[in-house]
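J.: Residue numbers (the numbering used here): -13 to 120.
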Amino acid sequence: MGVLQPFILTLLYFIVAIVIVVIGLFIFEKITQNYKDWDEIQNGNTAIALSITGKIIGICIILAFAIYHSTQLWDTLIWGAFGVILQMIAYLIFEGLTRKFSVETQLHKNNVAVGVVTMGVSIGLAFVIGASIT
């Protein structure tokens, strides 16, 4: 197994990453109350597509940092899950700090500017969350 071990570990990390991204997106969709993310994307809502893209990239950035700093697959799983939780908290804080409008409502209205900012928040905070993994 010595020669194959790096390939097997890569496959396992890949599987863990896919599972965490899918679970994270499922939970994010449950957070939104006014719409269903994938229905909106299917209908061409660019703002929501940008927001979801930011979440996917953000989760993957956190997972990359987790893989770099993990000694075992379980470390990546734990840090990845924790990163998803922090991304959700960040989204809720962002929603709460935008007092002039509802982020969720603006995304549903296909406000691309809000989608871009939401994507930026997700990606930017992913770097901070990822860098904090020790």
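From the three backbone atoms N, C-alpha and C, an ideal C-beta is built for every residue, glycine too.
Kindly list the residues whose CB is nearer than 8 Å to the CB of Ile141, restricted to its own chain and excluding five residues on each side of it in sequence; keep chain order.
T.: Nothing can be reported for residue 141, as the shown portion of the chain is limited to -13 through 120.
J.: How long is the line joining the alpha carbons of Ile115 and Val89, rounded to whole angstroms?
T.: As a first step, residue 115 is located in the sequence shown; it is residue number 129 there, counting from the start. As a first step, residue 89 is located in the sequence shown; it is residue number 103 there, counting from the start. Their Cα atoms are separated by approximately 22 Å.
J.: If you check the beta carbons only, do Phe51 and Ile119 fall under 8 Å apart?
T.: In the sequence shown, residue 51 corresponds to position 65, counting from 1. In the sequence shown, residue 119 corresponds to position 133, counting from 1. Yes, the Cβ-Cβ distance between Phe51 and Ile119 is below 8 Å.
J.: Start and end of the alpha helix (DSSP H) containing Ser37?
T.: For this step, residue 37 is matched to residue 51 along the sequence shown. Counting along the chain, the alpha helix (DSSP H) containing Ser37 begins and ends at Thr32 to His55.
J.: Under 8 Å, do Ala33 and Val100 count as touching if we go by C-beta distance?
T.: As a working note, residue 33 is residue 47 in the sequence shown. As a working note, residue 100 is residue 114 in the sequence shown. In this structure, Val100 lies closer than 8 Å to Ala33 by Cβ.
J.: Thinking His94 and Tyr(-1) are a contact (beta carbons under 8 Å), I'd like their distance in whole angstroms, please.
T.: On the sequence shown, position 108 is the one that residue 94 refers to. On the sequence shown, position 13 is the one that residue -1 refers to. Not quite, the Cβ-Cβ distance comes to about 35 Å (not below 8 Å), so this is no contact.
J.: Once DSSP output is grouped into helix, strand and coil, what is the label at Ser88?
T.: As a first step, residue 88 must be located in the sequence shown, where it is residue number 102. Residue state, collapsed to three classes: coil.
J.: For the candidate residues Gln92, Val103 and Leu111, whose alpha-carbon lies nearest to that of Thr18?
T.: On the sequence shown, residue 18 is found 32 positions in, with the first residue counted as 1. Cα-wise, what sits closest to Thr18 is Gln92.
J.: Just how far apart, CA to CA, sit Val2 and Met74?
T.: Position 16 of the sequence shown, counted from the start, is the residue given in the question as residue 2. Position 88 of the sequence shown, counted from the start, is the residue given in the question as residue 74. Cα to Cα, Val2 sits roughly 19 Å from Met74.
J.: First and last residue of the alpha helix (DSSP H) that includes Gln(-9)?
T.: Residue -9 sits at position 5 when you count from the first residue of the sequence shown. Start and end: Gln(-9) to Ile17.
J.: Quick check on the DSSP output: the alpha helix (DSSP H) that includes Gln73 runs from which residue to which?
T.: The sequence position of residue 73 within the sequence shown is 87, counting from 1. Segment Leu59 to Leu83, the alpha helix (DSSP H) holding Gln73.
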